[in-house]
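Presented below is the structure to which this report refers.
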Amino acid sequence: MSFSDLFRVIITKLGALENSMNILLPMVKQLIVHFRLSKLSHMECVPKLPVDSDENLEEFERFLDTNTNFEYMVNTLSISGGTTVSQISRRTLERIITNNYARNFNGRKNTEEIFQDS
1 MSFSDLFRVI ITKLGALENS MNILLPMVKQ LIVHFRLSKL SHMECVPKLP
51 VDSDENLEEF ERFLDTNTNF EYMVNTLSIS GGTTVSQISR RTLERIITNN
101 YARNFNGRKN TEEIFQDS
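Numbering (UniProt numbering), first residue to last: 1 to 118.
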C-alpha cells in the first residue's frame, strides 16, 4: 500500500468519524439536559402550555418571574430536540405558544401589519 493510498484511507475514516460525531453530539447534549432535568423536583402550578390566550400568556409570564420556575422551564424546553437551530426553535415554540395565538404578534408591538405592500 502506497503512502497516498494510506492517506486516502485515513481521510475517509476521519470523515466517517466526523459524520458519526455530528449525529451523536446532539443526542448526548439532549441526554445531559434530560438528566439535569430529572434532578429537578416536579413543579407545582406550572401554567398550561402551549399558551393560547392573553390570560394564559400573563399567567406564564408571572410563573417565569420566579428564578426557580424560569430555570425549570429552560430545562424542560431544552429537551425539545432537533439537530438544527431551525428544528430546535420550531419545536420549542410549538411547546410554548399555539400557531393561532402566535398570529396575533408581529414583532412590532402590533403597530404595523406583518406584511406590507411595497
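Every residue, glycine too, gets a C-beta built ideally from N, C-alpha and C.
- Using a Cβ distance threshold of 9 angstroms, Ile96 and Leu49 count as a contacting pair.
- Per DSSP, Glu44 lies in no alpha helix (DSSP H) and is assigned neither H nor E.
- Counting only runs that start and end inside the segment 56-109, the alpha helix (DSSP H) elements of at least 4 residues fall at 67-77, 85-96 and 99-102.
- Cα atoms of Ser20 and Ser86: separation of roughly 21 angstroms, rounded to the nearest angstrom.
- Excluding five sequence positions before and after Pro47, the CB atoms of its chain that fall closer than 7 angstroms to its own CB belong to Asn56, Glu59, Phe60 and Phe63, given in chain order.
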